[in-house]
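These protein sequence lines map, in sequence, to chains A and B.
Numbering follows the working numbering, in which position 370 of the first sequence is assigned residue number 417; successive positions increment by one, without gaps.
Numbering follows the working numbering, in which position 344 of the second sequence is assigned residue number 991; successive positions increment by one, without gaps.
From the three backbone atoms N, C-alpha and C, an ideal C-beta is built for every residue, glycine too.
In what follows, a structure is listed as structure tokens, so that the remarks can point back to it.
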Amino acid sequence: MAQRNSWLRGTTIRKSGPSTAASTRTGTPTQVQSTSTTIFGGGVKDPSGRTSEYFSMDDQCPVCKSDRYLNPKLRLLVSACYHKMCESCIDRLYTLGPAPCPICNKILRKLAFTPQTFEDLTVEKEVAVRRRIAKEFNKRMEDFPDLRAYNDYLEWVEEITFNLINDIDVAETEARIRQYRQENAALIELNIKREEEYQRYLQEQEEAERQERELRAQELRRLEEEEREEREKAKQGLIDKLEMSDKDAARLVAKSRAEAQKRASARAASSSSFSQSSARLLRSRAAQSTVIPDVPHVPLQDNYYAYDDLFTMRDTYYDPVSEAVRKDREGIMRAGGYMVEQAWQRALRCAVAGLEIAPLTGVPAPPQEAMAIDSESSADVVMANA
Amino acid sequence: MTATSTLESQPVASTSSQQSLYEASTQYRHWRFSPKQLVDMRYALNSDAVSAIRNAFENDSPGSSASVAFLSAQEEYLLVKLYVGKVSQLCAHFRFPEEVEATAVTYLKRFYLKNTVMDWHPKNVMLTALFLATKTTNHPISLESYASHIPKTAPSDVLDLEFLVAQSLGFDFAVWHPHRSLWGIWLDIQTLPDVSLGDLQTAYEAATKHVRAARLTDAEFIYTPSQIALACFSLASPTLASAWARAKFPSLPHPPVADVLGSIEAMILREGSPPDVEAVREVDRRLRLCKNPEKIVGSNAYNKKLQEKEKKAEEKRIRKAEAARIAMEEGDPFGNELAKKAVEELDDDDDDD
Chain A
48 MAQRNSWLRG
58 TTIRKSGPST
68 AASTRTGTPT
78 QVQSTSTTIF
88 GGGVKDPSGR
98 TSEYFSMDDQ
108 CPVCKSDRYL
118 NPKLRLLVSA
128 CYHKMCESCI
138 DRLYTLGPAP
148 CPICNKILRK
158 LAFTPQTFED
168 LTVEKEVAVR
178 RRIAKEFNKR
188 MEDFPDLRAY
198 NDYLEWVEEI
208 TFNLINDIDV
218 AETEARIRQY
228 RQENAALIEL
238 NIKREEEYQR
248 YLQEQEEAER
258 QERELRAQEL
268 RRLEEEEREE
278 REKAKQGLID
288 KLEMSDKDAA
298 RLVAKSRAEA
308 QKRASARAAS
318 SSSFSQSSAR
328 LLRSRAAQST
338 VIPDVPHVPL
348 QDNYYAYDDL
358 FTMRDTYYDP
368 VSEAVRKDRE
378 GIMRAGGYMV
388 EQAWQRALRC
398 AVAGLEIAPL
408 TGVPAPPQEA
418 MAIDSESSAD
428 VVMANA
Chain B
648 MTATSTLESQ
658 PVASTSSQQS
668 LYEASTQYRH
678 WRFSPKQLVD
688 MRYALNSDAV
698 SAIRNAFEND
708 SPGSSASVAF
718 LSAQEEYLLV
728 KLYVGKVSQL
738 CAHFRFPEEV
748 EATAVTYLKR
758 FYLKNTVMDW
768 HPKNVMLTAL
778 FLATKTTNHP
788 ISLESYASHI
798 PKTAPSDVLD
808 LEFLVAQSLG
818 FDFAVWHPHR
828 SLWGIWLDIQ
838 TLPDVSLGDL
848 QTAYEAATKH
858 VRAARLTDAE
868 FIYTPSQIAL
878 ACFSLASPTL
888 ASAWARAKFP
898 SLPHPPVADV
908 LGSIEAMILR
918 EGSPPDVEAV
928 REVDRRLRLC
938 KNPEKIVGSN
948 AYNKKLQEKE
958 KKAEEKRIRK
968 AEAARIAMEE
978 GDPFGNELAK
988 KAVEELDDDD
998 DDD
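What follows is the structure in structure tokens.
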């Protein structure tokens, strides 16, 4: 629950000064251009911390009735009482200080206006309320004696949230929240710290992984460079030798080739140890995440090349079966990507697959899977009645 | 603790998953038996079915089962074999490719390793197996045109059994066929030195006939498709086949395949012909009398079974409603404890509605 709702807990930045607001400004889409001198921050952020603003061609300010046709730069903002207003109305009404909302008469301040994210303002309100609630009501399951108590607590929180969203007994609900805050101040603080710690831990992990990747890439680059240099050197040496010595040229070439082979195999050995270490890393990572130990059979992991040493493909065969397909230049008979070589290869593989497998004799112990099938078939009899 | 155990289980899983393609196939893992196993399975299936059907007869009207001569496992096998032959006729009529025919035959034979002809008559199952095979081998044909080409068959006759067949197959739809292996042998023999294409062609054509005959036998449950194909080729041209087998195992003085070829060849020659129609007709006549009465629509036993099932479903519904009511009364919509016995009683019953 804590993880799932963490995005809700992200702090809503109310505009406090131009410096912080400027950073949030960059995130807003370019199509929404502010005409106001004030920069409005806040709004609902997605997990990456950006605010995407809702924008529609039918926007109309409910206060001054100007719409996008009259003013293409119209930008509607949402008040604390969830009423929309255009920027010029906000400037006009609230520049001189707090004033009542023209729709519901609630006293509003200029800085409490936020950009609109959702088309439906009730959603906007719900998200804001839930975010606020989640920040304080952050108890975890470990904080309760049993599941029952935790479920009751969640139910209670949901009730408070519902009341706030739907404006039911607001005063009383606010009192309940205040009371809760007083009673659980220490625990709330603790849980906030826990959450931060967890976030930090995740970040560190990510950072470590990134560094590991970089290191590996660097190593790989270095190896490649070395290999290239070596090859250059060997080539140069061979040319020199061919120039200077009076030995048989063919023998010299063969000798240098053998040396190159040896070096390549040594390199491969060292790099394999390297890949082993990365495999270990992968495995430990897999162990960290909670994998289900019973791995199903994944056909893609099978040894596709098991029979390759039993046959060699020729470029072409005498094959009347596939002749029509091969002669068909326009590809009328072939599906996209069909190549007769692949069909041949499959046939060849089938011809040698399992040639040496001896048939079963007697009554071998049935493997687990066969047993499972048998029990299924007894279920079949039940199904068969349908 | 758990982390270390998963760590240890990891390498085991990775080595076991590195199988060759054939050994990883469901055909090798689920549908490979020894001759003795096949006989035992058929015998056990038959005796179970006979006792179940005898019970059904007795429930219907006591004492009625004494006069019924039930089919033996051997007679069931004969009947299935006849319908395996019928699949080929149907495929010739529809001009389906060999792949479809071979797959349908395999489905039919596999189905009757799990079911008895006294429950499901092969003339119906055959149609469903063939229709299923057209879909799994990517030669789809519309159900309407399929059913309209077969006399006295409605689309629902084909579709009603489809899930039953698929389930009996364990949803193992992919099949490795000897005819593809034979094609591979034909291609690969061309790489041998001094092979005359004329001889090869005649041998291939003869071997193709033997592969079709092998479909009537149990060879595919016992031997691998490549072995069957090689045996068929060996029947057509022993010299070419042995030359190829030696070339495949150059390091061994005696290729390991050679041992099984003789028994496959004997099996194809012995069992590779369609059964005597008169004998099967006699079996079919007796089958009409000993069919499972619970499977005949409209019979007393069928109606009784249906009622029983409805009653069971009704009971289950009542029990479920009761459990839900108790849970609601206790004020906890999720029930008292999830792992409690009340939940165990309610097994997953998605299938009955």
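- Let me know if residue 245 (chain A) comes out buried or exposed under the rule of 16 or more other beta-carbons within 10 Å of its beta-carbon. Residue 245 (chain A) sits at position 198 when you count from the first residue of the first sequence. Counting Cβ neighbours within 10 Å, residue 245 (chain A) comes out exposed, since fewer than 16 surround it.
- Task: Determine which residues share a DSSP beta bridge with residue 667 (chain B) and list them.
- Result: As a working note, residue 667 (chain B) is residue 20 in the second sequence. Per DSSP, A:350.
- Looking at C-alpha atoms only, which residue of A:162, A:220, A:399 is the closest neighbour of residue 99 (chain A)? Position 52 of the first sequence, counted from the start, is the residue given in the question as residue 99 (chain A). Taking only the C-alpha atoms, the option nearest residue 99 (chain A) is A:162.
- Query: What's the call for residue 125 (chain A), buried or exposed, on a 16-neighbour Cβ count within 10 Å?
  - Reply: Counted from its first residue, the first sequence places residue 125 (chain A) at position 78. Residue 125 (chain A) comes out buried.
- Is there contact between the segment 169-180 of chain A and the segment 131-144 of chain A, where contact requires at least three CB pairs shorter than 8 Å? no
- Cutoff 6 Å; reference residue 722 (chain B); Cβ partners in own chain excluding five residues on either side: Here residue 722 (chain B) corresponds to residue number 75 of the second sequence, with the count starting at 1. Answer for residue 722 (chain B): 930, listed in chain order.
- Query: Could you give the distance in angstroms between the alpha-carbon of residue 285 (chain A) and the alpha-carbon of residue 303 (chain A)?
  - Reply: Position 238 of the first sequence, counted from the first residue, corresponds to residue 285 (chain A). Position 256 of the first sequence, counted from the first residue, corresponds to residue 303 (chain A). Those two C-alpha atoms are separated by around 7 Å.
- Starting from residue 211 (chain A), trace the beta strand (DSSP E) both ways and give me its first and last residue. The sequence position of residue 211 (chain A) within the first sequence is 164, counting from 1. Counting along the chain, residue 211 (chain A) falls outside any beta strand (DSSP E), though it belongs to the alpha helix (DSSP H) covering 194-212.
- Message: On the criterion of 16 or more Cβ atoms from any shown chain inside 10 Å, does residue 383 (chain A) qualify as buried, or is it exposed?
- Response: In the first sequence, counting from the first residue as 1, residue 383 (chain A) sits at position 336. The residue is exposed, with fewer than 16 neighbouring Cβ atoms inside 10 Å.
- Message: Just to make sure I have the definition right: I need the residues of chain A whose C-beta is within less than 9 Å of the C-beta of residue 844 (chain B). Which are they?
- Response: Translated into the one-based positions of the second sequence, residue 844 (chain B) becomes position 197. The contacting residues are 365.
- Query: Is it buried or exposed for residue 130 (chain A), if we count other Cβ within 10 angstroms and need 16 for buried?
  - Reply: The residue given as residue 130 (chain A) occupies position 83 in the first sequence. Burial call: buried.
- Query: Using a Cβ cut-off of 9 Å, which residues of the segment 862-883 of chain B contact any Cβ in chain A, in chain order?
  - Reply: 869, 870, 871, 872, 873, 874, 876, 877
- Query: Looking only at C-alpha atoms, which of B:967, B:823, B:789 sits nearest to residue 677 (chain B)?
  - Reply: Here the question's residue 677 (chain B) lines up with position 30 in the second sequence. Measuring from the Cα of residue 677 (chain B), the nearest candidate turns out to be B:823.
- Task: For residue 729 (chain B), count neighbouring Cβ atoms within 10 angstroms of its own Cβ and tell me buried if that reaches 16, exposed if not.
- Result: In the second sequence, residue 729 (chain B) corresponds to position 82, counting from 1. Buried, because 16 or more other Cβ atoms sit within 10 Å of the Cβ of residue 729 (chain B).
- What separation, rounded to the nearest whole angstrom, lies between the Cα atoms of residue 841 (chain B) and residue 920 (chain B)? The residue given as residue 841 (chain B) occupies position 194 in the second sequence. The residue given as residue 920 (chain B) occupies position 273 in the second sequence. Their Cα atoms are separated by approximately 35 Å.
- Item | residue 943 (chain B) Cβ short of 6 Å to the ligand PLP heavy atom set | Of the ligands one can find in the structure shown there are none, so the ligand PLP has no counterpart to examine.
- Message: Any C-beta of chain A within less than 8 Å: which residues of the segment 733-753 of chain B qualify?
- Response: none
- Does the beta-carbon of residue 378 (chain A) have 16 or more other beta-carbons within 10 angstroms, so that it is buried, or is it exposed? Along the first sequence, read from residue 1 onward, the residue named residue 378 (chain A) stands at position 331. It counts as exposed.
- Message: From the DSSP secondary-structure annotation, give me the bridge partner or partners of residue 937 (chain B).
- Response: On the second sequence, residue 937 (chain B) is found 290 positions in, with the first residue counted as 1. Answer is none; residue 937 (chain B) lacks a bridge partner.
- Just curious, the alpha helix (DSSP H) that residue 752 (chain B) is in, first and last residue? Taking the first residue of the second sequence as position 1, residue 752 (chain B) is located at position 105. Element bounds for residue 752 (chain B): 745-761.
- Task: Using three-state DSSP, classify residue 840 (chain B) as helix, strand or coil.
- Result: As a first step, residue 840 (chain B) must be located in the second sequence, where it is residue number 193. Coil, per DSSP.
- Task: Would you be able to state if there are at least three C-beta pairs under 8 Å between the segment 936-947 of chain B and the segment 878-893 of chain B?
- Result: no
- Task: Could you please tell me which residues of the segment 368-394 of chain A, in chain order, have their CB closer than 8 Å to any CB of chain B?
- Result: 368, 391, 393, 394
- Ordered along the chain, which non-local residues of its own chain (more than five positions away) have a Cβ less than 6 Å from that of residue 665 (chain B)? Stepping through the second sequence from its first residue, residue 665 (chain B) is reached at position 18. Answer for residue 665 (chain B): no residue qualifies.
- Which residues in chain B sit within 8 Å of residue 346 (chain A), going by Cβ to Cβ distance? Position 299 of the first sequence holds residue 346 (chain A). Simply 671.
- Exposed or buried, what is residue 1000 (chain B) when buried is set at 16 or more other beta-carbons lying within 10 Å of its beta-carbon? To locate residue 1000 (chain B), count along the second sequence from 1; it is residue 353. Below a pLDDT of 50, predicted positions are generally treated as unreliable, and residue 1000 (chain B), at 42, falls in that range; the measurement from the model is reported next regardless. Flag for residue 1000 (chain B) reads exposed.
- Task: Classify residue 137 (chain A) as helix, strand or coil using the three-state DSSP reduction.
- Result: On the first sequence, residue 137 (chain A) is found 90 positions in, with the first residue counted as 1. Correct three-state label for residue 137 (chain A): helix.
- Pick out whichever of B:874, B:917, B:922 has its Cα sitting closest to the Cα of residue 902 (chain B). Walking along the second sequence from the start, residue 902 (chain B) turns up at place 255. Among B:874, B:917, B:922, the Cα nearest to that of residue 902 (chain B) is on B:874.
- Message: Rounded to the nearest angstrom, what separates residue 290 (chain A) and residue 283 (chain A) at their Cα positions?
- Response: Against the first sequence, residue 290 (chain A) aligns to sequence position 243. Against the first sequence, residue 283 (chain A) aligns to sequence position 236. Each residue's alpha carbon lies about 11 Å from the other.
- Query: Do you know offhand how far residue 865 (chain B)'s Cα is from residue 744 (chain B)'s?
  - Reply: Counted from its first residue, the second sequence places residue 865 (chain B) at position 218. Counted from its first residue, the second sequence places residue 744 (chain B) at position 97. Cα-Cα distance, rounded: 22 Å.
- Query: If we cut at 7 Å on Cβ distances, does residue 812 (chain B) have a partner in chain A?
  - Reply: Numbered from 1 along the second sequence, position 165 holds the residue referred to as residue 812 (chain B). So, not an interface residue.
- Query: Going along chain B in order, which residues have a C-beta closer than 9 Å to the C-beta of residue 410 (chain A)?
  - Reply: Walking along the first sequence from the start, residue 410 (chain A) turns up at place 363. What residue 410 (chain A) touches in chain B: 681, 683, 684, 687.
- Task: Examine chain A for any beta-carbon lying closer than 7 Å to the beta-carbon of residue 715 (chain B), and answer yes or no.
- Result: Sequence index remark: in the second sequence, residue 715 (chain B) carries index 68 (1-based). False, the Cβ-Cβ gap to chain A never drops below 7 Å.
- Message: Can you tell me where the alpha helix (DSSP H) holding residue 734 (chain B) begins and where it ends?
- Response: On the second sequence, position 87 is the one that residue 734 (chain B) refers to. Unbroken alpha helix (DSSP H) run through residue 734 (chain B): 720-741.
- Message: Whole angstroms are fine: how far does the CA of residue 257 (chain A) sit from the CA of residue 337 (chain A)?
- Response: As a working mapping, residue 337 (chain A) is identified with position 290 in the first sequence. As a working mapping, residue 257 (chain A) is identified with position 210 in the first sequence. Confidence at residue 337 (chain A) is low in this model, with a pLDDT of 46, below 50, so its placement is unreliable and no value can be given for it.
- Query: To which residues does DSSP link residue 154 (chain A) through a beta bridge?
  - Reply: Numbered from 1 along the first sequence, position 107 holds the residue referred to as residue 154 (chain A). DSSP output for residue 154 (chain A) lists A:147 as bridge partner(s).
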